[in-house]
Structure formats: structure tokens, C-alpha cells
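There are 2 protein chains.
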Amino acid sequence: MPERFGRRIPEPTVVRLPVYQRVLLELSSHGVATVSSAELAEAAGVNAAKVRKDLSHFGTYGTPGTGYDVDYLLGQIQRELGTDQERPVVIVGLGHLGHALARSRGFAGGGFHIVGLFDSDEATVGEVIGSATVRHVSELAEVCLAEKVAIGIVTVPAMAAQEVTDQLVQGGVGAILNFAPAVISVPPAVHLRHVDFSAELQVLAFYQAHPETAARRASLSGGEGGSKGPYGGELPSSNGAYGWSSGR
Amino acid sequence: MPERFGRRIPEPTVVRLPVYQRVLLELSSHGVATVSSAELAEAAGVNAAKVRKDLSHFGTYGTPGTGYDVDYLLGQIQRELGTDQERPVVIVGLGHLGHALARSRGFAGGGFHIVGLFDSDEATVGEVIGSATVRHVSELAEVCLAEKVAIGIVTVPAMAAQEVTDQLVQGGVGAILNFAPAVISVPPAVHLRHVDFSAELQVLAFYQAHPETAARRASLSGGEGGSKGPYGGELPSSNGAYGWSSGR
DNA sequence: CCTTGTGAAATTATTCACAGCC
DNA sequence: GGCTGTGAATAATTTCACAAGG
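These protein sequence lines are chains A and B, in that order.
For the first sequence, my numbering gives the first residue as -12, with consecutive numbering after it.
For the second sequence, my numbering gives the first residue as -12, with consecutive numbering after it.
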């Protein structure tokens, strides 16, 4: 073990953890008991060496010759991700996107609990979405302090993103997920991540405009990986029967 | 010039391009004529050396002693990103998130034009959102072929994501932006990126659970960068006057 | 002086490849 | 025989630092 406990986990590893978790959840629900790094890698769209290296950071032991115990590994990853505790979150900005997130599963899934919704529009204030009522943003910092909010989700227009972020920081919020297409800044102790849909579209446009620059890699999950995967040659044909509706 | 034309642009550079573009758009609209790498870096939340290295890949010349011409540089980046052409996109899955995206600006902004909306729910089919009418997903591949769709946006539940992706691929779509919390695979010629809101939340949860592992970097835009930035000490205080509403 | 563009150095991440264990 | 964990090798990215241009 290299530097277990006193650990510094590389960011790319942290980003892959939720993917592994999802795959393991799926395997577990299907009653699969063990999984090899190669199988996990294929399902997560990365390569096997990466899976093993990633997991080794946590001192998670697999069994040579067998692989990893699915439920044990899942538990380890959930513990690492802190998915085993409920974290209070707030959403600021209840436009279309904020509404969609407020209603989304993905909170339900694990470890997140909406304790507040905020908007600056008096017409939106008072609206009930799911289990929460929209409050005016002037109450934001106060509520964050009172509810010990851990994560703030910013879905306001770009112009207002920094202002709202500052309120969250004043409210003692330690992590912010920004959906606004704006660069915002926070004190060093606050964690900040961006979800930028229009930037992602532009990146795709770039690659279409530059077919010669084929970076064989996908954004979040590591994508194609490189190993054969489902695309060993033939295209998948339609397998009919659409079993989904407008949910999510 | 190192390998200009015959260029292979590093992915991290491509991902920063939309951020630079946004900053330049802002500067340009304020009538700023030139910008130094240091100023651009600060506004984009990265460091100056990175800005210069990034821009050097495109043979974009700044002027020593002065900096970059804002409008010229903006034009170069937009050309590189292909923002100067309209790309036809479709959205598949009109749940809350799909609705939000369909109504979102960010398409309007530059280079993207919604030519189709698809869902499997008969109750949703026929609904008019913005300028498009929701069609049944069984028409997906056919419409993509007919409209020469460049980018497909997948906002269906995880279970259906691979199936829908396969239809897009059959429809000749060359780039896919997946919002479903699922690993999907595509042939090597198709570009794939993920936007995974719940994974981002989990990453933030991880860092909160591990304060010792403070990776000073943000996801998309490079975040704090390292240079002083607006946080040179004091916390920003509330500056009142919320000028935004539920829009976006 | 100020600022670019860029080799070279440093840092970070991925992949290889194999010893050791089941 | 199959599979993990991991040092060592490789590749990719960032940062430094400076020569040359305005």
C-alpha cells in the first residue's frame, strides 16, 4: 500500500467513483456477488488497470483469482462518497432548469435532501415544488446557516450567479454546484464545480468541425475506454419497445 | 510555431475554449478592444500561461506588449468552435429536464438549432415547445437522416439511454450529449460527452467528506486557478438588489 | 517596461507488466 | 489459471522562465 491513510485521491479518480457506484448498484440489484476489474471496467467504460489503481487508493481489497465482492465494494465507495449521510442542499433559481432539478430523482437516490428553494421573482415565491416551498432569495444566507446547508445549487442567470454564490458562502455553504454559464469565484475552502450544458455542446461542435482531431475519450465517465466494448464491429440494430416516458 | 496545421488540440484546451469565448463576448460587448493573457486568465479562472499555451495551438497571434485584439480573438475562437455555422440538434426525452433544455437559451446563443423533439409517451407527443412539436421516438432515426442532424441530446431515463443512442447513431448523428445517468457506448466515429448532475453532486459530497484531500481545482472552467483572483482576503459582502427572476 | 510564444522542467495521470495469491 | 495490487514506464498536461517583439 503506497500512502494509504494520509491519502490524496487524484481528482480523475474521484470523478469516476460515482460511475463505479452506479455500476455496482446495478450489479448488486441483479444479485451479482463478485465482479472483476475487467468486468467493472467494461461496464464503466474505462480500462481495467484504471479501475484497479482507482480502487487501490482506498485500500479496498479484492480477492486475487476472484475479483471484488460487489456489496462490500459498493459499501466502501458509498462510504468514501459520503452517500451514507443525508446532506442538506438548496437550489437557488427556479427557472425551467431549477424546477427540473427540484423535481428530479438523483436527490432521492442517495444522500441529498432539498431543504430550501429560492428565487428572486415574487411570482415564483410561495410556489410548492415537491416537498419544499419557494422562498425569497433574501432569506438565503439565513436559511443556509440555520439548516446547516452543505451544498448549494445555482441555477440563476449568469448575471446573478456570483451574487447568489456570495450569499451561499455567507450562509456557510461549503460546496457549490454552478449551472450558470459564468465563471464564479469562491474562497479556497469552498468547493466549486460547474455543469455547463452549452459549453459541452460547443465542445461537441468543435470535434465535429475538426474530424482530424479525434480525441478518443468522453467527458465524464471516460467513455469508450479503448478496450473492445460493445462496439466490436457491427452496429446495434433497433430492438424496439420503448419502455420509457417523459419521466426523470 | 510547434505543429500548427496538422494540429492536435489537447482536450483540456478544447474544454476551455467555450469559457474564453464567453469572456471575450462579454469584453467585446463592453467595448474592450484588447486583453492580455493575464486579464483573460483571471476572468476565465485559469492561469495566464495556460491561456497563452491554449491560444498558441491555433496560431492566434497576440501582440507582445499589448495583448490580444478582443474581436479578432473572439472570431478565431468562434471559427474554431464552429459557432459560426448553425448545427441541427434534436432532443430525445421531454421530461422535466428535456423541457427545460428545449426552452433554454444557449441554443439561441450560438450555432445550435433545434429541429426535432422526441418522446415515447403518447401524452407528450404532439405538445408544442418553443418552435417544435414533440414527435414519437419511433420517427427518430428517420428524421435525423432527413434533417442531417449533427448532435443528439439524450434526456431519457438511464434505462432507455442506450436504446435511444443507438437510434441516433442509426440516424447518422455524429455527436451525442448524454444527460442520462448511464454509461452508454457509441462507435468510435461518434463523439460522446456526458453531463451528469448527480455525479457532480457526489463529487462535491466526497470533497466535503474528505476535507484533507483538498484538490484545488474546479471541474469545467479550471476554477480558482491559483492566482489571487477576487479572493485576496476578505469575504464579499452582500451587494443587494436582485435583478433576476425565474428565467433562463 | 510590458506582454507574447515557447522550449524545457515539473507535475499529474494512464497504462504496462508482472510478482504474488487464490 | 485467473485476477489483484503496484512499481516502473509512458503519456499528457501544466507551469516555469526567458528570449524576442512592440
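For every residue, glycine included, the Cβ atom is placed at its ideal position computed from N, Cα and C.
Predicted model only: the values in this text are computed from it and were never measured.
Cβ-Cβ distance between residue i and residue j below 7 angstroms
i: Thr0/A; j: Asp41/A; result: yes
i: Phe184/A; j: Val182/B; result: yes
i: Val141/A; j: Val156/A; result: no
i: Gly243/B; j: Thr70/B; result: With chain B represented from -12 up to 235, any question about residue 243/B goes unanswered, as that position is not in the structure.
i: Val136/A; j: Val173/A; result: no
i: Gln189/B; j: Leu68/A; result: yes
i: Val22/A; j: Gly54/A; result: yes
i: Ala25/A; j: Ala36/A; result: no
i: Glu187/B; j: Arg180/A; result: yes
i: Leu241/A; j: Ser15/A; result: Since the first residue shown for chain A is -12 and the last is 235, residue 241/A is missing from the structure and cannot be characterised.
i: Ala145/B; j: Ala169/B; result: yes
Minimum C-alpha distance to residue i - residue among the options
i: Leu104/B; options: Gly97/B, Ile138/B, Gln149/B, Glu73/B; result: Ile138/B
i: Val102/A; options: Glu187/A, Gly161/A, Thr120/A; result: Thr120/A
i: Leu81/A; options: Gly97/A, Gln65/A, Phe45/A, Val143/A; result: Val143/A
i: Lys79/B; options: Ala196/B, Ile(-4)/B, Asp153/B; result: Per the sequence shown, residue 79/B should be read as Val rather than Lys. For the residues Ala196/B, Ile(-4)/B, Asp153/B, the minimum Cα distance to Val79/B belongs to Asp153/B.
i: Ile64/B; options: His86/B, Val38/B, Arg122/B, Lys135/B; result: Val38/B
i: Pro75/B; options: Lys135/A, Val160/A, Val173/A, Leu191/A; result: Leu191/A
i: His178/A; options: Tyr7/A, Ser24/A, Gly159/A; result: Gly159/A
i: Ala167/B; options: Leu188/B, Ser107/B, Ala110/B, Leu84/B; result: Leu84/B
i: Ala162/B; options: Gln149/A, Leu132/A, Tyr194/A, Pro175/A; result: Tyr194/A
i: Gln72/A; options: His100/A, Pro(-3)/A, Gln149/A; result: His100/A
i: His86/B; options: Glu109/B, Pro51/B, Val115/B; result: Val115/B
i: Ala30/A; options: Arg92/B, Ile171/B, Ala176/B; result: Ile171/B
i: Arg122/A; options: His197/A, Ala20/A, Val112/A, Ser43/A; result: Val112/A
i: Arg90/B; options: Arg66/B, Leu127/B, Gly117/B; result: Gly117/B
i: Phe45/A; options: Leu127/A, Glu109/A, Val33/A, Leu4/A; result: Leu4/A
i: Val19/B; options: Ala133/B, Ser43/B, Asp56/B; result: Asp56/B
i: Ala196/B; options: Pro51/A, Arg66/A, Val10/A; result: Arg66/A
Closer than 7 angstroms to chain B by CB, residue i
i: Tyr194/A; result: yes
i: Ser16/A; result: no
i: Ala148/A; result: no
i: Val170/A; result: yes
i: His178/A; result: yes
i: Val2/A; result: yes
i: Ile138/A; result: yes
i: Pro5/A; result: yes
i: Ala87/A; result: yes
i: Ser214/A; result: Low per-residue confidence applies at Ser214/A: pLDDT is 36, beneath 50, and the placement is therefore not dependable enough to give any value.
i: Pro(-11)/A; result: Note on Pro(-11)/A: pLDDT 48, under 50, position unreliable in the model; no value is reported.
Within-7 angstroms CB hit, residue i to chain A
i: Pro(-1)/B; result: no
i: Glu129/B; result: no
i: Glu187/B; result: yes
i: Leu60/B; result: no
i: Gly103/B; result: no
i: Arg90/B; result: yes
i: Leu191/B; result: yes
i: Gly117/B; result: no
i: Val141/B; result: no
i: Gly113/B; result: no
i: Val182/B; result: yes
(request) Please specify which runs of the beta strand (DSSP E), each continuous and at least 3 residues long, are wholly inside the segment 107 to 184 of chain A, giving them in chain order. (result) Counting whole runs of 3 or more residues, the segment 107 to 184 of chain A contains the beta strand (DSSP E) stretches 119 to 123, 138 to 141, 162 to 165, 178 to 181.
(request) Identify each residue in the segment 64 to 83 of chain B for which the Cβ-Cβ distance to at least one residue of chain A is less than 9 angstroms, and report them in chain order. (result) Against chain A - using a Cβ distance shorter than 9 angstroms - the residues of the segment 64 to 83 of chain B are Arg66, Glu67, Leu68, Gly69, Thr70, Gln72, Arg74, Val76, Gly80, Leu81, Gly82, His83.
(message) Quick check for students: name the residue ranges of the alpha helix (DSSP H) that lie wholly in the segment 68 to 111 of chain A, counting only runs of 4 or more.
(response) Correct list: 83 to 90.
(message) Threshold first: 4 residues or longer. Then list the alpha helix (DSSP H) segments lying entirely within the segment -7 to 59 of chain A, N to C.
(response) Segments of the alpha helix (DSSP H) lying fully in the segment -7 to 59 of chain A: -2 to 16, 24 to 31, 35 to 43.
(request) Anything in the segment 44 to 55 of chain A with a Cβ closer than 9 angstroms to a Cβ of chain B? List those residues in chain order, please. (result) The segment 44 to 55 of chain A vs chain B, Cβ under 9 angstroms: nothing.
(message) Residues of the segment 23 to 37 of chain A in Cβ contact with chain B at a cutoff of 7 angstroms, in chain order, please.
(response) Considering only beta carbons, the part of the segment 23 to 37 of chain A lying closer than 7 angstroms to chain B consists of Ala30, Ala31, Gly32, in chain order.
(request) Taking a Cβ distance cut-off of 9 angstroms, strictly less, list which residues of the segment 153 to 170 of chain A are near chain B, in chain order. (result) Those residues of the segment 153 to 170 of chain A that come within reach of chain B (Cβ to Cβ, closer than 9 angstroms) are Asp153, Gln154, Val156, Gln157, Gly161, Ala162, Ile163, Leu164, Asn165, Phe166, Ala167, Pro168, Ala169, Val170.
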